[in-house]
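Number 151 in UniProt numbering belongs to position 151 of the sequence shown; there are no gaps in the numbering.
Here a beta-carbon is modelled for each residue, glycine too, at the ideal position from N, C-alpha and C.
All values reported here derive from a predicted model rather than from experimental measurement.
Step one of this worksheet: look at the structure below.
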Amino acid sequence: MTTFPALEAVSADSGFRRTTIERRPVGAHDVEIEIDYAGICHSDIHTVRDEWGGARYPVTPGHEIVGRVRAVGEQVTGFTAGDTVGVGCFVDSCGRCEQCTQGLEQFCAEGVVATYNTALPDGSATRGGYSAGIVVDERFVLRVPEALDPAKAAPLLCAGITTYAPLKRWGAGPGSKVAVLGMGGLGHVAVKIAAAMGAEVTVLSQSLSKQEDGLAFGAADYFATKDPETFERNRGRFDLIINTVSADLPVEEYLSLLRVNGVLCSVGLPTEPYSVRPGALIAPQRVLTGSMVGGIPEHREMLEFCAEHGVEAEIELIGADEVDAAYDRVVASDVRYRFVVDVARTLA
């Protein structure tokens, strides 16, 4: 076992405290990573505050991890000490089921092992990236291209893959018209990726406060959803809408913005069910769907795409003792656009 400094929350309202955690010995196929940066995802907040239920305290969150290889197992051939690598939302799967063999490990039939808060046989739970080190099976370790800034690459391990996968799946590219709903941590990355794919991108946000940023990131248009004219002006316009927000939505209003055969894909998790009349889907032949991150091959593809096109997250680098305040700011939508914890300098 190797012991690393870490942050943990012991209850829904405890906030974080410094601690040390033990990582398993490096096995034959394992990679030990010295963590440099860990992005803060809204999922971290939902889990730590038990807003989704099922939090296994103490919780050490973090699934947007970038660091350097410290040691490798005797059978590891793809990585060597000093390599810059990343870890995303999951760290293990069976490797045998239909989904795993198709590169869709996130849907493992035996249950994917999340980077944090997944129960382990000994009764403990996996611990994530708010720690100085982690040991991961080499199958789930991702090489971070040299062209990417390591701190700005960290959010790509969640926000990047979460938006890249559905944009690719539903045909974002030259000639397509894509709307991104929400301009937060996920949305701003979605705008950059969709624009890099060659799509005509429109941002739909509550207000115009981030309009200048949205246009700079590659959007051609920017509309406030609080303005009723937004829906009239854009009715039947888009081939694809990527919904990145977790707020409850009048879904049929957004479906009306789609062309025939258009797709509304949600990657955020609202607290209430959607209410949709079948006619809103049938008559215009529209699709209402969702997407959950991506498999490991798609992670690798996404990182190479972002490196090639200069896509990185816009971040605010913070120290380990600022995480509680950062959580409050995320909830208040007071960040542009992703917090990243400087683990190496403030926690290790």
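{"query": "Inter-stretch contact at 8 Å, needing at least 3 Cβ pairs: the region 299–315 / the region 143–156", "result": "yes"}
{"query": "Whole runs of the beta strand (DSSP E) within the region 242–329, excluding any shorter than 3 residues", "result": "258–266, 287–290 and 315–318"}
{"query": "Simplified DSSP assignment, three categories, for Asp13", "result": "coil"}
{"query": "Classification of Arg345 by the beta-carbon crowding that lies within 10 angstroms, buried from 16 upward", "result": "exposed"}
{"query": "Beta-bridge partners of Glu34, as assigned by DSSP", "result": "Arg68 and Gly133"}
{"query": "Gly133 beta carbon less than 8 Å from that of Glu8", "result": "no"}
{"query": "Three-way DSSP call (helix, strand, coil) for Ala179 in this model", "result": "strand"}
{"query": "Cβ-based burial, Glu200 [other Cβ within 10 Å; buried from 16]", "result": "buried"}
{"query": "Which of helix, strand or coil DSSP assigns to Phe4", "result": "strand"}
{"query": "For Arg127 and Phe90, the rounded distance between their alpha carbons", "result": "11 Å"}
{"query": "Whole-angstrom C-beta distance between Ile65 and Gly160, which should lie under 8 Å", "result": "Not quite, the Cβ-Cβ distance comes to about 13 Å (not below 8 Å), so this is no contact."}
{"query": "Buried or exposed (CB count within 10 angstroms, at least 16 for buried), Asp334", "result": "exposed"}
{"query": "Sub-8 Å separation of Val113 and Tyr57 beta-carbons", "result": "no"}
{"query": "Residue ranges of each alpha helix (DSSP H) within the region 89–115, 4 or longer", "result": "98–101"}
{"query": "DSSP three-state assignment for Tyr222, whether helix, strand or coil", "result": "strand"}
{"query": "Opposing strand residues paired with Ile21 [DSSP bridges]", "result": "Phe4"}
{"query": "Cβ-based burial, Arg23 [other Cβ within 10 Å; buried from 16]", "result": "buried"}
{"query": "Extent of the continuous alpha helix (DSSP H) to which Leu215 belongs", "result": "Gln211 to Ala216"}
{"query": "Supposed close pair Gly82, Val69 - CB separation, criterion 8 Å", "result": "6 Å"}
{"query": "Extent of the continuous alpha helix (DSSP H) to which Arg345 belongs", "result": "Val343 to Thr346"}
{"query": "Cα-Cα separation, Ala280 to Tyr254", "result": "10 Å"}
{"query": "Three-state secondary structure (DSSP) of residue 350", "result": "Coverage of the chain is limited to positions 1 through 348, which leaves residue 350 absent and any answer about it impossible."}
{"query": "Residues sharing a beta bridge with Phe339, DSSP", "result": "Glu316"}
{"query": "Beta-carbon contacts of Asp44 that lie in its chain and below 7 Å, excluding the five residues immediately before and after", "result": "Pro61 and Gly62"}
{"query": "Alpha-carbon spacing of Asp321 relative to Pro166, whole angstroms", "result": "35 Å"}
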